[in-house]
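Just so you know, we're using our numbering here: the sequence shown kicks off at 601 and counts up by one.
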Amino acid sequence: MSTLLQKYQYNILNKPIRTFAMQSSFMMTLGDVISQQLVEKKGWEHDVSRSLRMTIYGATIGGPVIGTWFGFINRAVTIQNKWAATIVKVGIDQAFFSPTILAVFMGGISMLEGRTLVETKEKFQKGYFNGLMNSYCYWPFVNLFTFALIPVHYRPIVNSCFGIAWNTYLSHLNQVSLQALKLSQPTLIPSTNKI
Numbered sequence: 601m602s603t604l605l606q607k608y609q610y611n612i613l614n615k616p617i618r619t620f621a622m623q624s625s626f627m628m629t630l631g632d633v634i635s636q637q638l639v640e641k642k643g644w645e646h647d648v649s650r651s652l653r654m655t656i657y658g659a660t661i662g663g664p665v666i667g668t669w670f671g672f673i674n675r676a677v678t679i680q681n682k683w684a685a686t687i688v689k690v691g692i693d694q695a696f697f698s699p700t701i702l703a704v705f706m707g708g709i710s711m712l713e714g715r716t717l718v719e720t721k722e723k724f725q726k727g728y729f730n731g732l733m734n735s736y737c738y739w740p741f742v743n744l745f746t747f748a749l750i751p752v753h754y755r756p757i758v759n760s761c762f763g764i765a766w767n768t769y770l771s772h773l774n775q776v777s778l779q780a781l782k783l784s785q786p787t788l789i790p791s792t793n794k795i
């Protein structure tokens with residue numbers, strides 16, 4: 601275990617974007633598999649292309665953006681009192697980053713699904729607000745813990761671990777939004793097997 605931790609430390613310090621991408625793609629894929637198997641109980645009807653979309657999103661957007669955000673917010677908030685700094689970081693994160701990254705997720709996944717702008721807008725209308733409100737019930741508490749107690753170079757991996765539950769939820773939210781879209785406009789969505 602010590603060797604694995606040393607390799608992680610080396611990679612997070614020397615190759616951070618690649619490391620963020622790899623850990624996020626794994627955690628997002630795991631969240632989708634949990635969503636499909638434990639929440640939706642798909643069994644052998646597992647949608648592999650859906651899991652692949654989560655992998656691609658995590659590797660190309662989720663991991664690099666979230667990892668970079670942690671570095672930015674750590675440098676931007678220079679308050680010396682640890683708890684005051686933590687509260688400010690969580691406040692900034694929730695006011696600016698949470699709404700943005702959820703929108704980027706919903707838009708990015710919609711693009712990977714091959715959705716039109718009309719379909720993507722409809723999906724936002726059906727799922728964004730609910731997702732954001734649930735985000736506000738989960739991430740502030742995770743980030744209080746992370747910003748206060750976890751060294752900055754370990755924050756992305758710790759948040760990725762908490763993110764497994766969140767990614768399970770996001771995957772399920774995306775599917776619920778798609779189902780609502782199919783019911784309201786059945787001719788708009790022929791297939792989600794673009795990727």
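For glycine and all other residues, C-beta sits at the position ideal for the given N, C-alpha and C. The model shown is predicted, which means the values in this text are computed figures rather than measured ones.
When you compare each of T678, P616, M628, R618 to F747 by their alpha carbons, which one comes out closest?
Within the sequence shown, residue 747 is the residue found at index 147, counting from 1. Among T678, P616, M628, R618, the Cα nearest to that of F747 belongs to T678.
Check the C-beta distance from E656 over to L717 and give it rounded, since I have them as a contact under 8 Å.
Here residue 656 is taken as the residue at index 56 of the sequence shown, counted from 1. Here residue 717 is taken as the residue at index 117 of the sequence shown, counted from 1. In the sequence under discussion, the amino acid at residue 656 is Ile, which differs from the Glu named in the question. Going by Cβ atoms, the distance from I656 to L717 rounds to 20 Å, so no, they are not a contact pair.
Residue range of the alpha helix (DSSP H) that includes A703
For the purposes of this step, residue 703 is taken as residue 103 along the sequence shown, with counting starting at 1. Per DSSP, A703 belongs to the alpha helix (DSSP H) from 698-712.
Which same chain residues end up closer than 7 Å to V690 when comparing Cβ atoms and leaving out the 5 residues on each side of it in sequence?
Indexing the sequence shown from 1 puts residue 690 at position 90. Once the five neighbours on either side are set aside, the close Cβ partners of V690 are P740, N743, L744, F747.
Skipping 5 residues on each side, what residues in its chain have a beta carbon closer than 6 Å to that of H646?
As a first step, residue 646 is located in the sequence shown; it is residue number 46 there, counting from the start. In its chain, beyond the 5 residues on either side, Q636 have a beta carbon closer than 6 Å to the beta carbon of H646.
How is N774 classed by DSSP in three states: helix, strand or coil?
For this step, residue 774 is matched to residue 174 along the sequence shown. Residue state, collapsed to three classes: helix.
Top-ranked residue by Cα proximity to S624, from Q775, Y610, G763:
Locating residue 624 in the sequence shown gives position 24, where the first residue counts as 1. If we check each option's Cα against that of S624, G763 comes out closest.
Which same chain residues end up closer than 6 Å to Q694 when comparing Cβ atoms and leaving out the 5 residues on each side of it in sequence?
Here residue 694 corresponds to residue number 94 of the sequence shown, with the count starting at 1. The beta carbon of Q694 lies closer than 6 Å to those of P740 in the same chain, with the five residues before and after it left out.
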